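Note sheet for the following structure.
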Amino acid sequence: MVVDDHPIWAEAVARDLTGAGFSVVATAADGAEALRRLPAVRPDVVVLDLHLPILDGVAVTREVVSTLTGTRVLVLSSSGEQDDVLEAVKAGATGYLVKSASTAELIDAVRRTAAGEAVFTAGLAGLVLGEYRRIAGVQPEPGVPVGPALTDRETEILRLVAKGLSSRQIAERLVISYRTVQNHVQNTLIKLQLHNRVELTRYAIEQGLDSDV
Amino acid sequence: MTALGLAKNAAESAPGSADSDADEGRLRRIVDVFRIAALAYAVGLYVPAQDSYVHRWGAWAVLAVLAAWTALLSVRPGRGPRVMLIDLALAAGSVLATRWLDDPARIQDGAQTLPVIWPAAAVLGWAVWRGWRGGLLAALVVSAADLVEVGRFAAWTANSTGNNIVLLILAGLIVGYAAEILRAGRTQMAAAVAQQAATAERERLARDIHDSVLQVLGFVHRDGTERGGAAAELARLAGEQEVRLRALISNGPATPTVGGTADLRAALSQQAGVRVTISCPARPVLLPAQQVSALAAATTAALDNVAQHAGEQAQAWVLLEDEVDRVTVTVRDDGPGFEPGRLEAAQAAGRLGVSSSIRGRIAEIGGTVEFVCMPGEGTEVEMRVPRAG
Numbered sequence: 333m334v335v336d337d338h339p340i341w342a343e344a345v346a347r348d349l350t351g352a353g354f355s356v357v358a359t360a361a362d363g364a365e366a367l368r369r370l371p372a373v374r375p376d377v378v379v380l381d382l383h384l385p386i387l388d389g390v391a392v393t394r395e396v397v398s399t400l401t402g403t404r405v406l407v408l409s410s411s412g413e414q415d416d417v418l419e420a421v422k423a424g425a426t427g428y429l430v431k432s433a434s435t436a437e438l439i440d441a442v443r444r445t446a447a448g449e450a451v452f453t454a455g456l457a458g459l460v461l462g463e464y465r466r467i468a469g470v471q472p473e474p475g476v477p478v479g480p481a482l483t484d485r486e487t488e489i490l491r492l493v494a495k496g497l498s499s500r501q502i503a504e505r506l507v508i509s510y511r512t513v514q515n516h517v518q519n520t521l522i523k524l525q526l527h528n529r530v531e532l533t534r535y536a537i538e539q540g541l542d543s544d545v
Numbered sequence: 003m004t005a006l007g008l009a010k011n012a013a014e015s016a017p018g019s020a021d022s023d024a025d026e027g028r029l030r031r032i033v034d035v036f037r038i039a040a041l042a043y044a045v046g047l048y049v050p051a052q053d054s055y056v057h058r059w060g061a062w063a064v065l066a067v068l069a070a071w072t073a074l075l076s077v078r079p080g081r082g083p084r085v086m087l088i089d090l091a092l093a094a095g096s097v098l099a100t101r102w103l104d105d106p107a108r109i110q111d112g113a114q115t116l117p118v119i120w121p122a123a124a125v126l127g128w129a130v131w132r133g134w135r136g137g138l139l140a141a142l143v144v145s146a147a148d149l150v151e152v153g154r155f156a157a158w159t160a161n162s163t164g165n166n167i168v169l170l171i172l173a174g175l176i177v178g179y180a181a182e183i184l185r186a187g188r189t190q191m192a193a194a195v196a197q198q199a200a201t202a203e204r205e206r207l208a209r210d211i212h213d214s215v216l217q218v219l220g221f222v223h224r225d226g227t228e229r230g231g232a233a234a235e236l237a238r239l240a241g242e243q244e245v246r247l248r249a250l251i252s253n254g255p256a257t258p259t260v261g262g263t264a265d266l267r268a269a270l271s272q273q274a275g276v277r278v279t280i281s282c283p284a285r286p287v288l289l290p291a292q293q294v295s296a297l298a299a300a301t302t303a304a305l306d307n308v309a310q311h312a313g314e315q316a317q318a319w320v321l322l323e324d325e326v327d328r329v330t331v332t333v334r335d336d337g338p339g340f341e342p343g344r345l346e347a348a349q350a351a352g353r354l355g356v357s358s359s360i361r362g363r364i365a366e367i368g369g370t371v372e373f374v375c376m377p378g379e380g381t382e383v384e385m386r387v388p389r390a391g
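Laid out in structure tokens, this is it:
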């Protein structure tokens with residue numbers, strides 16, 4: 333499924349994916365439409381623009397991750413709004429690609445997302461690394477669980493990704509397997525997403541919203 | 003004391019009006035009201051004492067001139083230099099005239115001057131007009147007139163002239179200072195409002211550009227690359243402009259903010275291009291403006307070096323890391339790299355070039371630079387700068 337509010341983009345992306353042998357089961361031009369159509373089509377991958385009318389990409393990601401198991405979100409954004417990308421990833425998106433990426437990169441990213449791999453571009457690694465550093469810099473408060481931290485190995489790998497090395501190059505440099513690199517990268521995402529969920533729950537309890545659930 | 007009370011009043015009435023002209027007009031009206039009250043007070047004190055005056059009708063004439071002037075200022079809002087000079091001259095002149103109009107014996111005994119506190123209005127007017135310097139100058143002129151009027155030094159301390167002079171000078175200084183603060187506050191506020199308007203306008207433009215121009219440029223870049231040939235060249239140009247434009251609208255120029263700090267993230271984002279990827283945190287990285295410009299310049303130098311030596315096709319990545327105690331900027335390229343030791347050899351041979359320019363800039367802001375190269379995997383320049391405090 334392709335979600336983009338620009339028909340010119342949605343069409344081009346759908347055409348390329350179809351050309352590469354994927355079946356595009358639906359397209360949507362805004363967040364609300366995407367959520368309406370999603371349960372019926374249950375795609376493996378949602379290629380999602382963040383900058384959407386009515387309901388933005390972060391909200392769509394949150395909804396998809398919590399209600400549709402088996403559907404993965406690949407953010408394809410031109411927003412340059414790093415905040416939004418980070419929010420989408422914390423909400424559960426497993427990949428991020430800029431719109432200026434080539435068709436080959438897009439097809440590869442969709443294929444990897446469908447296979448359950450994280451699509452970690454250098455830009456995303458920089459954001460994730462920055463977020464862990466921000467968490468590390470927060471003064472611990474009593475009663476508030478300490479945020480997640482990266483292991484030395486994870487930090488090392490994220491830095492290499494952020495500096496543009498491919499997983500294969502990283503595996504070679506660190507003399508570990510490609511799979512191990514992927515696992516480390518994925519772990520950094522999962523920890524961040526878990527932390528985000530804990531934070532949201534804590535916030536909901538604090539606000540007394542849990543009684544309604 | 004009236005004058006001091008007024009100064010407080012003026013400062014309190016400061017906030018909340020539309021612009022500085024309106025504020026000044028409001029202060030002036032307060033002074034106008036004071037001038038009228040002071041005139042009534044002077045007349046009230048003169049009527050019972052008029053028989054003691056040597057030139058009774060002369061004193062009435064002086065009071066008539068002051069009344070005419072007071073009335074004129076109350077209806078005429080303009081305050082040019084000429085008006086202010088006449089105001090001050092009348093204040094000093096009416097004090098001096100007392101020496102000629104009143105009985106010298108009364109003056110010796112410390113009698114009030116004919117205009118009493120009316121000259122204070124001129125001092126306050128000057129303070130509002132030209133700040134504390136204006137207030138002080140006018141107070142000194144009126145005080146000098148007071149001293150000449152009393153005449154002998156012994157009399158200055160015998161009656162309340164000395165106290166009055168101190169109060170007058172204080173009033174001039176305080177009201178002048180308050181007027182200046184008010185004016186400075188207004189100027190800052192106007193600047194802040196203008197900046198806010200500019201930011202809002204930029205955000206609106208950014209949204210529009212994002213929704214229109216960027217989408218088309220992005221599409222041209224993508225589609226043209228697929229077609230190849232001449233279209234690919236157009237696509238490359240479109241892609242380049244797309245990245246530039248996006249960096250521009252999402253961050254704006256890296257201008258120093260209040261307190262001499264600037265956003266390093268915004269400064270580095272400007273350098274993004276088709277062959278340059280910037281990886282950075284989601285938040286601004288605030289550093290002293292001097293460190294930001296040094297790091298940005300060193301990054302530019304490193305990127306220029308990549309373009310020169312690693313070949314046209316080389317990609318470069320800039321990683322910005324913001325930690326509690328330090329900030330790290332790493333520039334990596336995927337060019338052929340160089341043999342270990344070559345940089346040191348070049349440095350020893352006096353061909354300093356890029357390494358010295360980068361090292362120099364970073365050393366100046368208390369940081370360190372490390373060059374790493376992996377044969378076949380390009381070159382890495384790592385610049386670390388400790389965070390102060």
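Here the protein sequences line up with chains A and B, keeping their order.
Numbered per the numbering used here, the first sequence spans residues 333 to 545.
Numbered per the numbering used here, the second sequence spans residues 3 to 391.
Built from N, CA and C at the ideal position, the CB exists for glycine as well.
Since the structure is predicted, the reported quantities are computational estimates derived from the model, not experimental observations.
Would you check if the distance between the CB atom of residue i and the CB atom of residue j is smaller than 8 Å?
i, j, result
"B:Ser281", "B:Leu321", "yes"
"B:Val130", "B:Val33", "yes"
"A:Val377", "A:Arg347", "no"
"B:Ala291", "B:Ala316", "no"
"B:Met86", "B:Gly46", "no"
"B:Ala147", "B:Leu103", "no"
"B:Glu235", "B:Gly220", "no"
"A:Ala360", "A:Arg369", "yes"
"B:Ala296", "B:Ile367", "yes"
"A:Ala461", "B:Glu323", "A quick correction: the sequence has Leu, not Ala, at residue 461 of chain A. Going by C-beta atoms, A:Leu461 is nearer than 8 Å to B:Glu323."
"B:Arg81", "B:Arg37", "no"
"A:Ala366", "A:Val397", "no"
"B:Ser96", "B:Trp120", "yes"
"A:Leu524", "A:Lys422", "yes"
"B:Glu203", "B:Gly133", "no"
"B:Leu98", "B:Val143", "no"
"B:Val326", "A:Gly353", "no"
Residue i to residue j, Cα distance in whole Å?
i, j, result
"A:Arg466", "B:Pro286", "11 Å"
"A:Ile386", "A:Gly479", "32 Å"
"B:His223", "B:Arg209", "20 Å"
"B:Gly1", "A:Val390", "This structure cannot speak to residue 1 of chain B, because chain B is shown only from 3 to 391."
"B:Arg267", "A:Ala344", "32 Å"
"B:Asp225", "B:Ala237", "7 Å"
"A:Glu463", "A:Leu521", "11 Å"
"A:Leu380", "A:Ser434", "16 Å"
"B:Ser162", "B:Gly112", "7 Å"
"B:Asp335", "B:Gly313", "10 Å"
"A:Arg485", "A:Val513", "10 Å"
"B:Ala300", "B:Ser358", "10 Å"
"B:Val374", "B:Ser271", "23 Å"
"A:Leu432", "B:Tyr179", "Per the sequence shown, the amino acid found at residue 432 of chain A is Ser instead of Leu. If you take the alpha carbons of A:Ser432 and B:Tyr179, they lie about 58 Å apart."
"B:Thr201", "B:Leu250", "13 Å"
With which residues is residue i paired in a DSSP beta bridge?
i, result
"B:Gly275", "B:Val278"
"B:Thr100", "Partner(s): none; B:Thr100 has no beta bridge."
"B:Met191", "For B:Met191, which the question treats as bridged, DSSP gives no partner whatsoever."
"A:Thr359", "A:Val334"
"A:Gly427", "A:Leu406, A:Val451"
"B:Trp319", "B:Thr279, B:Arg334"
"B:Val371", "B:Met385"
"B:Leu288", "B:Asp265"
"A:Leu380", "A:Val335, A:Val407"
"B:Asp324", "B:Val329"
Give the residues from the region 423-441 of chain A that approach chain B closer than 8 Å (Cβ to any Cβ), ordered along the chain.
Lys431, Ser432, Ser434, Thr435
With 9 Å as the limit, tell me which residues of the region 228-246 of chain B have their beta carbon closer than that to any beta carbon of chain A; keep them in chain order.
Here the close residues are Glu228, Gly241, Glu244, Val245.
Is there contact between the region 198-213 of chain B and the region 164-180 of chain B, where contact requires at least three CB pairs shorter than 8 Å?
no
Using 8 Å as the Cβ pair cut-off and three pairs as the minimum, do the region 100-120 of chain B and the region 59-76 of chain B touch?
The answer is yes - the region 59-76 of chain B touches the region 100-120 of chain B, with three or more Cβ pairs under 8 Å.
Three Cβ pairs or more, each shorter than 8 Å: is that satisfied between the region 447-456 of chain A and the region 417-430 of chain A?
yes
Are the region 372-391 of chain B and the region 323-331 of chain B touching by the rule of at least three beta carbon pairs closer than 8 Å?
yes
The region 435-455 of chain A touching the region 348-366 of chain A, judged by at least three CB pairs closer than 8 Å
For the pair of segments examined, the region 435-455 of chain A was found to touch the region 348-366 of chain A: the number of CB pairs separated by less than 8 Å reaches three.
Taking Cβ-Cβ distances below 9 Å as the criterion, which residues of the region 458-474 of chain A are in contact with chain B?
Gly458, Leu459, Leu461, Gly462, Glu463, Arg465, Arg466, Ala468, Gly469
Using a beta-carbon distance cut-off of less than 7 Å, what residues from the region 342-376 of chain A approach chain B?
Ala344
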